[in-house]
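Working notes, structure below.
Chains as they are written, first to last, in my numbering: chain A, 862 to 1398; chain B, 96 to 447; chain C, 5 to 163.
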C-alpha cells in the first residue's frame, strides 16, 4: 500500500535519525478508541443555556421590522440578543493581520446579504425552547435584487452585494479589483504557438462536512474571565476576533480547543465564539452555540466555487510557451478568507511548469450566497483541477503522452518562475517517473532519465533550449510554422462505426508520438481526428 | 451499452505554509523534575496528527525517547501564540518552533550534565535512549532523569553532589517565522512559499456509458514530502485525502445547479460522499527531498493529498469514454449529457 | 415535566430524569454523563451516535429515550474489560484507524455488533456493517482492515 523510495534524493538526506521516521503510535489514539479524547462539547454544566440563531430566508433583503416581544416571553427564554447588543458589530477575519476592511456584521442590522445570515439570537434553557421561541419572532423583509453568478456580479448595473466593496470585488493595493500576474508577453506568444487551447472550468462549492459541527461553549469563570471551549482550528485567531467583537481585553478570554472532530478549513473562521461569549456575558451563565447539521450544511461557510479560464499556447514539440489565466473566486456575501485565496491562486499559476510567458488576473467576487472560506487546498485545489485537465488537453491536441508532456514542461531547479523567483528543491519529474513505473505507464527512455536537478536531465525533446532565460519572446527554435489551431473540445465526433473494444489493451507503441501513429494505438489520438480535419493513420 | 476503462494522470505541487509567509508559531519546552518533557503549544490537532508530529520532532531534537515527551496543546493560557492549523503549515512552522525551543532546552540539559560529569558540554552526546554520555567513553554517563533531578536543585542533591550551585531551568522557547513577502501589484512578483511538496497521481476508472456511473478502480501515486516524520501519519493523510479527492470529484455539491442556489442538500442523505464500499486500492510511493528550512527537511502532505485526484479522474473519464467534463462534480448526468452531445455510439476502451 | 428513565448502561443500572421526547443521545451525554457517545447530525443520517441496544446498533439521536426504559445499552465507554482494551480497540490502534477520532465511538459500536453476531466476517460484511457510519478523515480502508484484524484475533468478546 505505502512504500518509500529512499533511493531517490538519498544524497540530500541524512537518514541517521532516532525518532524521526518511526511509525510511533499517535499520542491521542488511545483517547480516540476509548471515547475519551475531549472535544469542545465534552463538558457538562448544570445550568447550561443554549443559543440559537434566527437566519435570513432571503438572499438579499432590507429588514423592515423585527418584533421579538412574543419570543422574549416564551417559556425557557432567558435573553434575546440583538444587533444593538454586539459591541463591535463589523469585522473581517483578516483584519487581525491588516488585510481588508471590516465588512461583516455578527448580527445583521438593516440588510441581509445571503440566505442564512444571522439576524437575532435566542438564549434559552434548552435547544428546543430556543427553537420554539425563534419561531415566534416576526421579521418583515423587503426583498432586493440578488446576484449569484461571479461574472454577472462584475457587470455594470449588477446589484451591489457588500457595501464595503460596492463594485462586488475585493480591492487589492487600493488600486485594482484583482490580483495580477505578468511575466513575459503571453499575447505575443499565442501568435507564435502551433496550438491554442481556450477552456473554461467550473468548480462547485463543497462542504467541509466534518462529523463534528462548528460550536463553542462560553463559561463565566471565577474571576471575571470567560473560558471558551471551541472547535476552532486557529485558537488565537478566534480569541482575538472574539475579543475585538466583544470589546474585551484579550486576557479576559481563556480559549481551550479540543481535539477537533474534523476541520478541513471549516473551523478557521470564528463562527460561534463571539456570540456565545456575548450570550454568556449577558446571562451570567454558560452558553453553548452549536451548529445543527442543517446549519453546518446550509449556512456554514463552504469552499467557494471558482470559475477559471485558461488559455494555453503550445508548440508541436510539446513546449507550452504561454499560459493565460482568468479566475474568479466566489466569496459569497462577505470577504472572510477569499481575498487571501486569490493571492494564493495567483501565486500558484502557472502550476509546477516552466512557461516563459504567463498572464493572470484573479478576482475575489461578492455574490449573495453563503460566504465561502478556506478548505483543504485553499486557492489551489480548483486551479490544479483546471491546470491538470488543461495539461491533458494540450497533450492530446499535439498527440503527446500526457505524462511525457508534463515531464517535458516540469519546472526544474534553477528555472525562473513567473513570480520572478528561482525554482528549487523541485521533484515533480521524479514523482511522475516513480508513479509511472509503479502503474506500468510506459515512458520513453529520455523521459525516464530526466531530472529535477539543475542540468541533470537528458537533452529536452523538441529543442527547448534555455530554460532559465528571462522573459522574452518564445524560443527561436521551433517546428516549421503552421497556422495556430484553436481547439474546441466539445465538438461532436463524426458518425463512425463503433469500435469493438480489444480484449486486452494493446501494448503501447514506443515510437515518437503521431502523426505516424499506427491504427489501434492506445493514445486516444484517433478520437480527435475530426478536430484537425484529417484522419490520423 | 458497455463499461469502459480509462486512466488519467495529474501532477501537482503544493506550497507549504500560509501564502506569502508572515505566519508565526511559537513553542515552549520544559522538563519536569525527573527528566520528562512537556511541549506547550496553542496549535490545534484536528486529526492530522499535530501532537504526534511535534512530539517526535521534540524528542529527536532533545535526544530523548519519544515516550519521555508529552505535547500539551490548545490552551491559550499556557500555549504561546500559533497562527493556527491550516495551509499545510503545522509540520513546517510548528515543527520548526518546537525544534528551536527543544534546542535551547537541550543546551541547558547538556550544561547540567557537563557539570555533573565534570566535562565540557561539547564532549557529551545523547544516546536517544535516556542517557547522556561522554563521546568516545560511553561508560561515563548519566541518565537524563538524574540530570534533571540535579538541575532542579531539590531532593537534597546539592548536599549529596555539591556540583550544581544554582538550579537550572531545563527549558526552551522557540518561534519560527517566514518573513512576510511583498507582492507587486503590477506583476505579481512575490515569494509565495519557501518550499513545495510534489505529487503525481494516476487514476483508473470504469465508466458505464448507459448510466454514466463512474467507478474508481485503482489509484497509484507518488508523493514527495521532504521528510516523513511518521510514515503511518503520512499514510493516514494520503489515504484519507485521496478519498476526499474522489468525493470532491464525483459526489459532492451543496449547489447542484450552481450558480442557481436551489435544490441544495440539507443533510447527509442528500449530500453524497463515497462510502466504504466505494473505495479502491491505492498504491502510494513516498519520496523525500528535504526542504532546506523544514524540520529535518519535512514539508506537509495534509492538503495536497486530495488535489491531484480531481483532474486525474476527469482525465481518466476522458480516456475511458472520450468526453471532457470541465464542471465539478462529475456526475452521471453530466457524463450522459456529454456522451449524447458527442453523438457517437459506444466509445472504445482505451487503457494506458 | 421530567420523566424518570432507568436502564442498564454497560452492565450497570443507571437512572436519570429526561424531558418528554428527549432522545437517547442527549440522555446518555447530559443526563447520565456518558460522553463517549458523540453527536454528528442529530437527525439520523451519519451514524456517529451509534450505540447498541440489546446488541443491535441504533442511532441514539433519533431513539426516544423513554423507549429504552429497562433495556440494556452498550457504548464505547464500556468496551474495555477493566484495563484491557477490547480487540476492536486494539485493532483500531494498530491500524491507525482514527485521525480526528470523532466517528470512532460509533464506528466501534457498529463493528462490535457485527463481530458479536458474526465472528468471521468477510470484507463485504464489514463494509455493510459500517456502511451507515460516515468518516471524513480516514478513507475507510484502515477501519475495514482493523475490523477484519479484530475478527481474526482469538479473544473473548466483551458483552
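For glycine and all other residues, C-beta sits at the position ideal for the given N, C-alpha and C.
Residues of chain A with a CB under 9 angstroms from the CB of residue i: which are they?
| i | result |
| --- | --- |
| residue 247 of chain B | Chain A residues near residue 247 of chain B: none, gap ~25 angstroms exceeds 9 angstroms. |
Using DSSP with H/G/I as helix, E/B as strand and the rest coil, what is residue i?
| i | result |
| --- | --- |
| residue 1039 of chain A | coil |
| residue 1347 of chain A | Below a pLDDT of 50, predicted positions are generally treated as unreliable, and residue 1347 of chain A, at 30, falls in that range; the measurement from the model is reported next regardless. It is a strand residue. |
| residue 967 of chain A | coil |
| residue 867 of chain A | coil |
| residue 450 of chain B | The question about residue 450 of chain B has no answer, for chain B in this structure spans 96 to 447. |
| residue 1069 of chain A | coil |
| residue 1155 of chain A | helix |
| residue 1241 of chain A | coil |
| residue 125 of chain B | strand |
| residue 10 of chain C | strand |
| residue 145 of chain B | helix |
| residue 1112 of chain A | helix |
| residue 153 of chain B | helix |
| residue 1323 of chain A | Because residue 1323 of chain A carries a pLDDT of 30, less than 50, the predicted location of this residue cannot be relied on, and the following value inherits that uncertainty. The answer is coil: DSSP assigns residue 1323 of chain A none of H, G, I, E or B. |
| residue 1208 of chain A | helix |
| residue 1063 of chain A | strand |
| residue 111 of chain B | coil |
| residue 103 of chain B | strand |
| residue 162 of chain B | helix |
| residue 17 of chain C | strand |
| residue 420 of chain B | coil |
| residue 397 of chain B | coil |
| residue 195 of chain B | helix |
Give me the chain B residues within the contact set of residue i, using Cβ-Cβ distance strictly less than 8 angstroms, ordered along the chain.
| i | result |
| --- | --- |
| residue 1213 of chain A | 106, 107, 108, 291 and 293 |
| residue 100 of chain C | 327, 328, 330 and 331 |
Counting only Cβ pairs nearer than 9 angstroms, list the residues of chain B close to residue i.
| i | result |
| --- | --- |
| residue 1195 of chain A | The premise fails here: residue 1195 of chain A is roughly 16 angstroms from chain B at the closest Cβ pair, so nothing lies under 9 angstroms. |
| residue 1117 of chain A | 169, 170, 171 and 172 |
Could you say which of the options lies nearest to residue i if we only look at CA atoms?
| i | options | result |
| --- | --- | --- |
| residue 26 of chain C | C:5, C:15, C:42 and C:18 | C:5 |
| residue 966 of chain A | A:987, A:948 and A:960 | A:948 |
| residue 1039 of chain A | A:924, A:1118, A:1191 and A:1175 | A:1191 |
| residue 1268 of chain A | A:1283, A:951 and A:1252 | A:1252 |
| residue 136 of chain C | C:148, C:150, C:114 and C:121 | C:114 |
| residue 141 of chain C | B:370, B:395 and B:228 | B:370 |
| residue 324 of chain B | B:116, B:298, B:397 and B:342 | B:397 |
| residue 128 of chain C | C:110, C:151, C:34 and C:89 | C:151 |
| residue 330 of chain B | A:885, A:879, A:880 and A:875 | A:885 |
| residue 1285 of chain A | A:1093, A:1275 and A:1293 | A:1275 |
| residue 47 of chain C | C:36, C:67 and C:56 | C:67 |
At a CB-CB cut-off below 8 angstroms, which residues of chain A make contact with residue i?
| i | result |
| --- | --- |
| residue 40 of chain C | 895, 896 and 897 |
| residue 176 of chain B | 1097 |
Residue i touches chain C at which residues, Cβ-Cβ below 9 angstroms?
| i | result |
| --- | --- |
| residue 227 of chain B | In chain order: nothing, as chain C lies at least about 32 angstroms away. |
Using a Cβ cut-off of 7 angstroms, pull out every chain C residue sitting near residue i, in sequence order please.
| i | result |
| --- | --- |
| residue 374 of chain B | 143, 144 and 145 |
| residue 1251 of chain A | Simply none; closest approach about 28 angstroms. |
What in chain B is Cβ-close to residue i, meaning under 7 angstroms?
| i | result |
| --- | --- |
| residue 1064 of chain A | 423 |
Give the interface partners of residue i over in chain A, defined as CB-CB distance under 7 angstroms, in chain order.
| i | result |
| --- | --- |
| residue 284 of chain B | 1280 and 1281 |
Using 8 angstroms as the cut-off, can you tell me whether the stretch 1019–1036 of chain A makes contact with the stretch 1220–1233 of chain A, which would need three or more C-beta pairs spanning the two stretches below that distance?
yes
**Prompt:** Are the stretch 873–893 of chain A and the stretch 361–370 of chain B in contact at 8 angstroms, needing three or more beta carbon pairs?
**Reply:** no
Uninterrupted alpha helix (DSSP H) stretches inside the stretch 916–945 of chain A (no shorter than 4 residues): 930–933
ask   = Given 8 angstroms as the limit, is there contact between the stretch 988–995 of chain A and the stretch 932–945 of chain A, that is, 3 or more CB pairs closer than that?
value = yes
- prompt: How do the stretch 193–206 of chain B and the stretch 124–144 of chain B stand: do at least 3 beta-carbon pairs fall below 8 angstroms, yes or no?
  reply: Because the criterion of three Cβ pairs below 8 angstroms is met, the stretch 193–206 of chain B and the stretch 124–144 of chain B touch.
| said: Three Cβ pairs or more, each shorter than 8 angstroms: is that satisfied between the stretch 277–291 of chain B and the stretch 105–115 of chain B? | reply: Of all C-beta pairs linking the stretch 277–291 of chain B to the stretch 105–115 of chain B, three or more are shorter than 8 angstroms, placing the two stretches in contact.
_Please give the ranges of any beta strand (DSSP E) in the stretch 333–395 of chain B, keeping only runs that are unbroken, at least 3 residues long and fully inside the region._
377–382
Segments of 4+ residues assigned as alpha helix (DSSP H) that fall wholly inside the stretch 1249–1283 of chain A
Runs found: 1263–1270.
Where are the alpha helix (DSSP H) runs, 4 residues long or more, that stay fully inside the stretch 77–126 of chain C, in chain order? 91–98 and 108–121
Taking contact to mean at least 3 C-beta pairs separated by less than 8 angstroms, is the stretch 1165–1182 of chain A in contact with the stretch 1047–1063 of chain A? Flag = yes, the stretch 1165–1182 of chain A and the stretch 1047–1063 of chain A touch.
task = Specify whether the stretch 184–203 of chain B and the stretch 1100–1118 of chain A touch according to this definition: at least 3 beta carbon pairs, one from each stretch, less than 8 angstroms apart.
result = When C-beta atoms of the stretch 184–203 of chain B are compared with those of the stretch 1100–1118 of chain A, fewer than three pairs fall below 8 angstroms, so the two segments do not count as touching.
Which full runs of the beta strand (DSSP E) of 3+ residues lie inside the stretch 964–1030 of chain A, going along the chain?
979–985 and 999–1004
### Task
Return the chain-ordered ranges of every beta strand (DSSP E) run that is complete within the stretch 22–76 of chain C and spans a minimum of 3 residues.
With a minimum length of 3 residues, the continuous beta strand (DSSP E) runs that stay inside the stretch 22–76 of chain C are 54–57 and 60–63.
- Task: Please specify which runs of the beta strand (DSSP E), each continuous and at least 3 residues long, are wholly inside the stretch 1154–1183 of chain A, giving them in chain order.
- Result: Within the stretch 1154–1183 of chain A, the complete beta strand (DSSP E) runs of at least 3 residues are 1167–1175.
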